[in-house]
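Below: the structure, in structure tokens.
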Amino acid sequence: MPETQDQQKFVYDFTEGNKDLKDLLGGKGANLAEMTNLGLPVPPGFTITTEACKVYLDSGAEPPALRDEVSAHLDALEAKMGKKLGQADDPLLVSVRSGAKFSMPGMMDTVLNIGLSDQSVAGLAAQAGDDRFAWDSYRRLIQMFGKTVLGVDGDLFEEAIEQAKRAKGVTVDVDLDAADLKKLVGEFKEIVAKETGRGFPQEPREQMDLAVRAVFDSWNGDRAKLYRRQERIPHDLGTAVNICSMVFGNLGPDSGTGVAFTRDPASGHQGVYGDYLQNAQGEDVVAGIRNTVPLAELEQIDQRSYDQLMQIMETLETHYKDLCDIEFTIERGKLWMLQTRVGKRTAGAAFRIATQLVDQGLIDEPEALRRVNGAQLAQLMFPRFDHEVASGDTVQKIGRGIAASPGAAVGKAVFDSYTAVKWSRSGEKVILIRRETNPDDLDGMIAAEGILTSRGGKTSHAAVVARGMGKTCVCGAEELEVDTKRRRMTVPGRDGKDGIVIEEGDVVSIDGSSGKVYLGEVPVVPSPVVEYFEGRMHAGADDADELVGAVHRIMAYADRVRRLRVRANADNAEDAARARRFGAQGIGLCRTEHMFLGERREMVERLILAHTDEERDTALDGLLPLQKNDFVELFEAMDGLPVTVRLLDPPLHEFLPDITELSVRVALAESRKDHNENDLRLLQAVHRLHEQNPMLGLRGVRLGLVIPGLFAMQVRAIAEAAAERRNAKGDPRAEIMIPLVGTVQELEIVREEAERVIAEVEQARGVDLKLTLGTMIELPRAALTAAQIAESADFFSFGTNDLTQTVWGFSRDDVEASFFTAYLEKGIFGVSPFETIDKDGVGSLVRDAAQAGRATRPDLKLGVCGEHGGDPESVHFFHEVGLDYVSCSPFRIPVARLEAGRAAANGR
Numbered sequence: 001m002p003e004t005q006d007q008q009k010f011v012y013d014f015t016e017g018n019k020d021l022k023d024l025l026g027g028k029g030a031n032l033a034e035m036t037n038l039g040l041p042v043p044p045g046f047t048i049t050t051e052a053c054k055v056y057l058d059s060g061a062e063p064p065a066l067r068d069e070v071s072a073h074l075d076a077l078e079a080k081m082g083k084k085l086g087q088a089d090d091p092l093l094v095s096v097r098s099g100a101k102f103s104m105p106g107m108m109d110t111v112l113n114i115g116l117s118d119q120s121v122a123g124l125a126a127q128a129g130d131d132r133f134a135w136d137s138y139r140r141l142i143q144m145f146g147k148t149v150l151g152v153d154g155d156l157f158e159e160a161i162e163q164a165k166r167a168k169g170v171t172v173d174v175d176l177d178a179a180d181l182k183k184l185v186g187e188f189k190e191i192v193a194k195e196t197g198r199g200f201p202q203e204p205r206e207q208m209d210l211a212v213r214a215v216f217d218s219w220n221g222d223r224a225k226l227y228r229r230q231e232r233i234p235h236d237l238g239t240a241v242n243i244c245s246m247v248f249g250n251l252g253p254d255s256g257t258g259v260a261f262t263r264d265p266a267s268g269h270q271g272v273y274g275d276y277l278q279n280a281q282g283e284d285v286v287a288g289i290r291n292t293v294p295l296a297e298l299e300q301i302d303q304r305s306y307d308q309l310m311q312i313m314e315t316l317e318t319h320y321k322d323l324c325d326i327e328f329t330i331e332r333g334k335l336w337m338l339q340t341r342v343g344k345r346t347a348g349a350a351f352r353i354a355t356q357l358v359d360q361g362l363i364d365e366p367e368a369l370r371r372v373n374g375a376q377l378a379q380l381m382f383p384r385f386d387h388e389v390a391s392g393d394t395v396q397k398i399g400r401g402i403a404a405s406p407g408a409a410v411g412k413a414v415f416d417s418y419t420a421v422k423w424s425r426s427g428e429k430v431i432l433i434r435r436e437t438n439p440d441d442l443d444g445m446i447a448a449e450g451i452l453t454s455r456g457g458k459t460s461h462a463a464v465v466a467r468g469m470g471k472t473c474v475c476g477a478e479e480l481e482v483d484t485k486r487r488r489m490t491v492p493g494r495d496g497k498d499g500i501v502i503e504e505g506d507v508v509s510i511d512g513s514s515g516k517v518y519l520g521e522v523p524v525v526p527s528p529v530v531e532y533f534e535g536r537m538h539a540g541a542d543d544a545d546e547l548v549g550a551v552h553r554i555m556a557y558a559d560r561v562r563r564l565r566v567r568a569n570a571d572n573a574e575d576a577a578r579a580r581r582f583g584a585q586g587i588g589l590c591r592t593e594h595m596f597l598g599e600r601r602e603m604v605e606r607l608i609l610a611h612t613d614e615e616r617d618t619a620l621d622g623l624l625p626l627q628k629n630d631f632v633e634l635f636e637a638m639d640g641l642p643v644t645v646r647l648l649d650p651p652l653h654e655f656l657p658d659i660t661e662l663s664v665r666v667a668l669a670e671s672r673k674d675h676n677e678n679d680l681r682l683l684q685a686v687h688r689l690h691e692q693n694p695m696l697g698l699r700g701v702r703l704g705l706v707i708p709g710l711f712a713m714q715v716r717a718i719a720e721a722a723a724e725r726r727n728a729k730g731d732p733r734a735e736i737m738i739p740l741v742g743t744v745q746e747l748e749i750v751r752e753e754a755e756r757v758i759a760e761v762e763q764a765r766g767v768d769l770k771l772t773l774g775t776m777i778e779l780p781r782a783a784l785t786a787a788q789i790a791e792s793a794d795f796f797s798f799g800t801n802d803l804t805q806t807v808w809g810f811s812r813d814d815v816e817a818s819f820f821t822a823y824l825e826k827g828i829f830g831v832s833p834f835e836t837i838d839k840d841g842v843g844s845l846v847r848d849a850a851q852a853g854r855a856t857r858p859d860l861k862l863g864v865c866g867e868h869g870g871d872p873e874s875v876h877f878f879h880e881v882g883l884d885y886v887s888c889s890p891f892r893i894p895v896a897r898l899e900a901g902r903a904a905a906n907g908r
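The opening residue of the sequence shown carries number 1 in the numbering used here; numbering runs sequentially from there.
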């Protein structure tokens, strides 16, 4: 019998869950429960499940049973702690934190110090023996609650704090005393009353209930939805809510808060990494508002807590068998664990850590392969700054911060997210520069090439989000003075020299690997990983990069276990040779139309303008030796590997001049009475061949059927090139692909002609070429009649670019510019169907066509040659539906190899 809402359990104590319940308890709640089970010092608390959130979001109301369940768990918590929520003389205070299944740093809401009120603030002061601490905690509650729960503009609170510091003549919050903070509390309450029309709630349970609803609502906040789209996190998961008894890092110098990593999330190296801030609460560290000290300094500040933290870090990494990200608080010398999760890391760290954990015996090779992905590998292949130039006199270094997320980023300086998005959409590359970022900056961070902040450390919001997105980031460049209101950054003068002012629009370069910041554009050089794939760097060499060694080990394992072969889309010998160096196992798509550009365009024009059979044959005879030489070079570069050659596909008008440009040229010539007969004939041909929708017009197999001899010439060129290579002791393995077939009759006619031509060449050259003929499945009708088409095809290659256009009814060039952005923003697409295969629509046709084709011809070879062949998620789909190979651009071959291995490892 299905579980009803009344029977369903919506609240779990930290002692009841475990790390495998992330779907129900969210990542934070599941891991708090796991740490509790491990006997680590976790403040008591309970978690409201994601199921409760889903009910709330679907119906607009909490489940009826939720209030009583929360009351029961709150009663148990109060009994355990020996005090009541908001008790006047000794208040129990709690935090209310979001916690989805997948980490979404800073994207949803948190409220600390729930339970404080005008009455209980005095009790907190008395219990702590510290008036300043109590009023600081109360002002934090009103500020957080006002902003996240009541929707008050957070800048109003910040301005009040800045005014209080100016009045006191101080620059940091900790220099405000109890009286200053008590006054600030009064001002904060006035802000709340003015902005919301109600006073700050004084009843503790009301505070908690409102905060819970605010966390639920934050799941559908703009920044949360944007982050989920960026990270491809499903929108229907909901968030859990964690209610945890408060521990305080702002009780004085023997208290503090910090974030720790069991390894360096930027490099993957083992050691002590993280940030610590004395006399502060956790939000201060993540927000980057105050600059932290390195975690290693905690050893001098509090040796006992430091030693205990090191032991806990080792316990957690061994238990989770991965890099762990930890949040902790020290309250008067007592260490408390507030959160742990498998930490986000840079691409380089991911590969290093995976191989390190294999060497330590914590994970095996299949798990190491699952721990990395193609997007990370692609990031490692991006160029980096030329360090020789960067350290020379030709570029100007203007500062240095913390290397938070590696990479080389160059762009125009912008100082707010709106401008970053606006300039990026107009084609400008930008660097987003802020004092510190917050969740509202997410859209600007996505649009920017890189992020630079003057505050914060490796665990600040900017650093954590940038690492997760693979963005270059430099944080905590303290010497740089960022003025967002005046849209400028100032580099102070030194040694008698004037300072430098960087205005919005000035070009800057940031190096996320070293933390260095430069004025102007620094040139880039190929990454070591690309040098490795090119064969110019060997993983076992003495001077080999450590990262290259890690990439080599994982790639070697991926190649051993993958079933899918990986081919290249390449049209010339140079691209083919590079693809082979990158690990291509053949060519899956050679686009012959690319061989007709440049000087050869005139020969195609002569073919189009031919009025007689003789003129047409002359034009084809001129193209034949050129095509043959192209194929000879291609077969030589790919000797011993298959080369799929697609016969001419695009409409012929693409080889003719632009109709407007040609019309103007003819009109001007006529006005000068300078008639050009060839231009007039060309214009007539352009008008004759003009189509309203050329993508669905005279192209592909239709060209071969309408223009006698065109496909026969191409087949002859392929056959003669293969014969020449075979006579030269080569091993050409050509596959001839007929494009845009919609019915088997088209394929039969072209195949019959092709086989006749091949036989003629074989007889004339005295060789057996063993050429195969197949088709490109790029029309819905071809997919639906695949069983019939397979009778005349040796192979299918799915052209998923055109198949996506024809299934969706999209003209890609038009729709991507006109409405795709709106579709993505409205959630109609999670990702463009031209980027990742549409599994339900296009993918369904691919699956059905593959099955139908193989039912007719069990030995039918199946591949894909659209851009999806290099997309990580799509590669997994093609593995699942049983294709033999994917084909992609040469640069994406390593990504496809890796993902093909991961697909195989996931199936084990």
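Even glycine gets a Cβ: it sits at the ideal position worked out from N, Cα and C. Just so it is clear, the structure is predicted and the values come from calculations on it, not from any experiment.
Looking only at its chain, what residues have a beta carbon closer than 7 Å to the beta carbon of residue 18, apart from the 5 residues adjacent to it on each side? 30, 33, 34, 37
With burial defined as no fewer than 16 other Cβ atoms inside 10 Å of the residue's Cβ, what is the status of residue 250: buried or exposed? buried
Residue 340 in three-state terms, based on DSSP: strand
Could you give the DSSP three-state label for residue 248: helix, strand or coil? coil
Option in 150, 144, 44 with minimal Cα separation from residue 158: 144
On the three-pair Cβ rule with 8 Å, is the region 450-465 touching the region 384-404? yes
Report the rounded CA-to-CA distance for residue 245 versus residue 39, giving the unit in angstroms. 17 Å
Kindly provide the ranges of any alpha helix (DSSP H) runs that are 4 or more residues long and lie completely inside the region 595-671, ordered along the chain. 601-609, 613-637, 659-671
Can you name the start and end residues of the beta strand (DSSP E) that residue 590 belongs to? 587-591
For residue 895, which of helix, strand or coil comes out of DSSP? helix
For residue 234, count the other beta carbons within 10 Å of its own beta carbon; 16 or more makes it buried, fewer makes it exposed. Which is it? exposed
Do residue 887 and residue 562 have their C-beta atoms within less than 7 Å of each other? no
Using the Cα positions of residue 11 and residue 147, report the straight-line distance between them to the nearest angstrom. 26 Å
Quick one: Cα of residue 125 to Cα of residue 134, how far? 5 Å
Run through DSSP, which three-state label would residue 122 get? helix
By DSSP, does residue 888 sit in helix, in strand, or in coil? strand
In angstroms, rounded to a whole number, what distance separates the CA positions of residue 302 and residue 319? 26 Å
By Cβ distance, which residues of its chain are closer than 8 Å to residue 152, with the 5 residues on each side in sequence left out? 146, 191, 192, 195, 196
Residue 350 classed as buried or exposed, judged by whether at least 16 other C-beta atoms fall within 10 angstroms: buried
Which word fits residue 744, buried or exposed, when buried means at least 16 other C-beta atoms lie within 10 angstroms of its C-beta? buried
Could you tell me the alpha carbon to alpha carbon distance between residue 823 and residue 718, rounded to whole angstroms? 44 Å
Same chain, Cβ closer than 7 Å to residue 603, neighbours up to 5 away in sequence not counted: 619, 622, 623
Simplified DSSP state of residue 217, which is helix, strand or coil: helix
Residue environment, residue 692, which counts as buried when at least 16 other CB atoms sit within 10 Å: exposed
Segment limits, alpha helix (DSSP H) that includes residue 298: 298-301
My output table needs one value for residue 294: the three-state DSSP class, helix, strand or coil. strand
Return the first residue and the last residue of the alpha helix (DSSP H) that residue 113 is part of. From DSSP, residue 113 is part of no alpha helix (DSSP H) but of the beta strand (DSSP E) over 110-114.
For the candidate residues 680, 795, 654, whose alpha-carbon lies nearest to that of residue 666? 680
Which residues DSSP lists as bridging residue 785, in chain order: Partner(s): none; residue 785 has no beta bridge.
Per DSSP, cross-strand counterpart(s) of residue 413: 431
Taking Cβ positions, are residue 860 and residue 854 nearer each other than 7 Å? yes
Starting from residue 772, trace the alpha helix (DSSP H) in both directions and tell me its first and last residue. No alpha helix (DSSP H) contains residue 772, which is instead part of the beta strand (DSSP E) from 772-777.
Hey, could you find the ends of the alpha helix (DSSP H) residue 81 is sitting in? 66-81
By the DSSP assignment, the alpha helix (DSSP H) with residue 230 in it spans what residues? 222-231
From the beta carbon of residue 793, is the nearest beta carbon of chain D less than 7 Å away? Included in the structure is just one protein chain, with no chain D present.
Look up residue 381 in the DSSP assignment and say whether it is helix, strand or coil. coil
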